[in-house]
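In full-length UniProt numbering, the protein residues as written are 1 to 267.
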Ligand SMILES: O=C[C@H](O)[C@H](O)[C@H](O)COP(=O)(O)O
């Protein structure tokens, strides 16, 4: 059984075996699935788009890891051949290496056929918040260089507007004078009731350091941000900012796994 998510603006497709691009089928959703199972279902469905010979962007996080695992499995079974993975983080690099997925980088493969990754928030226009795991910079570079970007989420990630989960919107900044940059970010969005906080590690309260040696500032919004492109431009204009976690107009397809089915929204 499948359901349509009224959340999305535009075309939403029910997923069934007949709409699959390849004969590989994920487990069939039913009630009482855990969030982990939903993530796995969305990931399996996305991997059906992978074909032999592709250059693949390999995402980061608890959902993307299922896609990487599946790609590794299909390679080992000989059902996929000659794929090259471009990992979006050191963690994914390690996972892919352990699965024997051949790896490369953007310098050698500046055009990527397909990237698959999770997201922290998905709005009705398929804009995303990403980077709550701290990997936003490499993800944006790699996913910005791909022909097709498939986002995989469980239904808890759907929000009416970006920032709507009231959880963090990450911004990667250089460590130099981080307090100054954090304050500038908060002031930038004071009309939206923004609170900006440096991300720290739970175990020792030290600043969280990204794969690129930078810090992350978490932005929390009380009200809707408004014009997302204007917000993006203003953040990126601040000296000290490296990148932010809004992925605007980048997703080609969003696959959502919910208790009652899987839906696929295409741009
Ligand atoms: O930095 C982390 C990435 O952007 C993740 O893809 C994102 O946080 C979603 O992760 P998860 O699938 O674990 O919720």
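Don't be surprised by glycine CBs; every beta carbon is placed ideally from N, CA and C. Fair warning: this is a prediction, and the values are worked out from it, not measured in the lab.
Local conformation of residue i per DSSP, three classes
i, result
"residue 54", "coil"
"residue 23", "Caution is warranted here: a pLDDT of 41 is assigned to residue 23, below 50, making its placement in the model unreliable, and no coordinate value can be reported."
"residue 82", "coil"
"residue 233", "helix"
"residue 180", "helix"
"residue 209", "coil"
"residue 97", "helix"
"residue 200", "strand"
"residue 116", "strand"
"residue 253", "strand"
"residue 44", "helix"
"residue 92", "helix"
"residue 287", "Since the displayed the chain opens at 1 and closes at 267, residue 287 lies outside it and no answer follows."
"residue 147", "strand"
"residue 74", "helix"
"residue 247", "strand"
Residue closest to residue i, alpha-carbon to alpha-carbon, out of the options
i, options, result
"residue 219", "201, 172, 204 and 207", "172"
"residue 180", "143, 144 and 240", "240"
"residue 108", "56, 66 and 267", "56"
"residue 124", "105, 147, 64 and 158", "158"
"residue 210", "137, 116 and 68", "137"
"residue 113", "221, 58 and 154", "58"
"residue 62", "37, 182, 264 and 149", "37"
"residue 197", "169, 213 and 212", "169"
"residue 119", "92, 151 and 104", "151"
"residue 264", "68, 105, 85 and 155", "155"
"residue 81", "50, 69 and 92", "50"
"residue 52", "260, 186, 79 and 110", "79"
"residue 226", "74, 188, 68 and 182", "188"
Beta-carbon contacts of residue i that lie in its chain and below 8 Å, excluding the five residues immediately before and after
i, result
"residue 224", "161, 163, 164 and 192"
"residue 76", "99 and 100"
Neighbourhood of residue i by C-beta distance below 6 Å, restricted to the same chain and skipping five residues each side
i, result
"residue 135", "60, 88 and 89"
"residue 195", "220"
"residue 175", "215"
"residue 252", "148, 149 and 267"
"residue 255", "42, 45, 46, 152 and 264"
"residue 257", "38, 41, 42 and 154"
"residue 131", "170 and 245"
Chain-order list of residues whose beta-carbon lies under 7 Å from that of residue i (same chain, five-residue window excluded)
i, result
"residue 232", "244, 246 and 248"
"residue 228", "127, 162, 246 and 248"
"residue 104", "84 and 86"
"residue 242", "137, 172, 173, 174 and 214"
"residue 133", "60 and 61"
Ligand 2 heavy atom lying under 7 Å from the CB of residue i
i, result
"residue 177", "As far as ligands go, the structure on display features ligand 1 and does not contain ligand 2."
Q | Around ligand 1, Cβ to any heavy atom closer than 6 Å, ordered along the chain | A | 59, 60, 61, 62, 63, 64, 117, 118, 119, 120, 130, 131, 132, 133, 134, 135, 136 and 139
Q: Decide if the stretch 193 to 202 is in contact with the stretch 137 to 150; the criterion is three or more beta carbon pairs, one per stretch, under 8 Å apart.
A: no
Q) When the Cβ atoms of the stretch 34 to 43 are set against those of the stretch 96 to 108, are three or more pairs found closer than 8 Å? A) no
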